[in-house]
Amino acid sequence: MTRALVLGGGGPVGIAWESGLIAGLAEKGVDLSSADYIVGTSAGSVVGAQLALGASAESLVAPMMSSGPGTAPTPSGPAPDLATLINKMQELVSGRRPPEQARAEIGAWALTAPTMMSEDVWVANFARMIPQEKWPNRKYECTAIDTADGSLQVWSKDSGVELERAVASSCAVPGIFPPVTIRGRRYMDGGMRSPTNADLAKGHDTVVVVAVTAGPRNNDMARRFGEILDNEVKILRDGGAKVELIIPDEKSLEAFGLNLMDSSRRVDAAKAGVRQGQADAEKLRSAWNQR
């Protein structure tokens, strides 16, 4: 039996919450680090890389439990144009145009939009967060989007790309952080295809999907992203997988606040993750620990 772990995007708040969740589950006997395959998108690419490289659950969450700099990069440029990003995301999920075409338009904007730091500074942050130049020996992948054509790129050990650069590209939210140059092309956040990209885990027997952004479906964008997640879970189940979906509960959503990029929420999000992990362990234990 093979097991896969899917870690979705969610900004610095998502990194903290996923780290806490993994720690809380581990405390109760559910060790997600034992997955045969880990795939991360955006925030999940950071947590997934650290986990695949052998970080303990305790070491993942420890930096999140203080108000120090932690894993959040320090901005130095102009404030991001969130209104334009939201408008472009609404267009992307509307279904009015092919998704790759809409993503390519976002990519073109991302290449010219002012960002909170330079590309060199952005990538250097990930070299500090993931101070291991070599890819994990175990199967770990992360997602990014080619800004030129909107296509999905899945980075792996076999891609011949530096690990920190691959993860930096997966986290490069357009209009906020700079697209990352890899072999002459520019790549942006893998969440532009899906907050989770869970369908990449197809073929595994048990799949745990951690979806940070799967909150209440109380607006058109939330409903559309919810439909994307539902479809990915269906693909997995149709392929024979037992899927366990973990989404933030009400207390976790309260800890997040309204902005997942708000690093000041990190401590509360990490604590909420630990609590929810402890609470969710019972329902995951039999599926995950069965070999």
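Heads up, the sequence shown is in the working numbering, so the first residue is 291 and it goes up one at a time.
We put the CB at the ideal spot given by N, CA and C, even for glycine.
All values derive from a computational prediction rather than experimental measurement.
Quick check: residue i and residue j, are their CB atoms within less than 9 Å of each other?
i: A400; j: A462; result: yes
i: L548; j: G465; result: no
i: S332; j: G298; result: yes
i: G567; j: A313; result: yes
i: P370; j: T405; result: yes
i: D409; j: E395; result: Note that residue 409 corresponds to Glu in the displayed sequence, not to Asp. Contact flag unset, no.
i: P469; j: S459; result: yes
i: A434; j: G480; result: yes
i: V413; j: R455; result: yes
i: A569; j: W307; result: no
i: M379; j: F467; result: no
i: M551; j: V303; result: yes
i: R483; j: T437; result: no
i: L543; j: L315; result: no
On a CA-only basis, which of the options is nearest residue i? Give me that one, please.
i: T427; options: L341, V502, G334; result: Note on identity: in this sequence residue 427 is Asn, with Thr being the wrong assignment. For N427, the nearest C-alpha among the options comes from L341.
i: K429; options: V329, E395, G440; result: V329
i: R556; options: L311, G314, S356, E454; result: S356
i: K532; options: M511, H494, A512, Q568; result: H494
i: G344; options: R455, D321, G300; result: D321
i: T486; options: F416, V337, Q443, L519; result: L519
i: E534; options: L543, E522, V457, M354; result: E522
i: V336; options: G516, E348, R418; result: R418
i: G450; options: I472, L526, T437, D528; result: I472
Is residue i close to the ligand COA? I mean its beta-carbon at under 8 Å from any heavy atom of the ligand.
i: I518; result: You won't find the ligand COA in this model; it holds no ligand whatsoever.
Just to check my reading of the structure: residue i and residue j have Cβ atoms closer than 8 Å, yes? What is that Cβ distance to the nearest angstrom?
i: D439; j: E390; result: 6 Å
i: A488; j: V502; result: Contact flag wrong, Cβ pair sits at about 12 Å.
i: A294; j: A491; result: 4 Å
i: G310; j: A560; result: 4 Å
i: K424; j: L442; result: Incorrect: roughly 24 Å between the Cβ atoms, too far for contact.
So the alpha helix (DSSP H) residue i belongs to, where does it begin and stop?
i: I305; result: 301 to 317
i: I435; result: Not the alpha helix (DSSP H): I435 falls in the beta strand (DSSP E), residues 429 to 436.
i: T496; result: Where T496 is concerned, there is no enclosing alpha helix (DSSP H), although the beta strand (DSSP E) it sits in stretches over 496 to 500.
i: I466; result: Element bounds for I466: n/a, residue is neither H nor E.
i: E517; result: 510 to 528
i: P389; result: 389 to 402
i: A578; result: Residue identity check: residue 578 is Trp in the sequence provided, not Ala. Start and end: 556 to 579.
i: M379; result: 372 to 383
i: R386; result: From DSSP, R386 is part of no alpha helix (DSSP H); its letter is neither H nor E.
i: M419; result: 409 to 419
With respect to the beta strand (DSSP E) encompassing residue i, which residues constitute its N-terminal and C-terminal limits?
i: T331; result: From DSSP, T331 is part of no beta strand (DSSP E); its letter is neither H nor E.
i: R293; result: 293 to 297
i: D479; result: 475 to 479
i: I537; result: Here I537 belongs to no beta strand (DSSP E), and DSSP marks it neither H nor E.
i: Q443; result: 442 to 445
With a threshold of 16 other CB atoms inside 10 Å of the CB of residue i, please say whether the residue is buried or exposed.
i: G300; result: buried
i: A325; result: buried
i: S576; result: exposed
i: P388; result: exposed
i: G530; result: exposed
i: S553; result: buried
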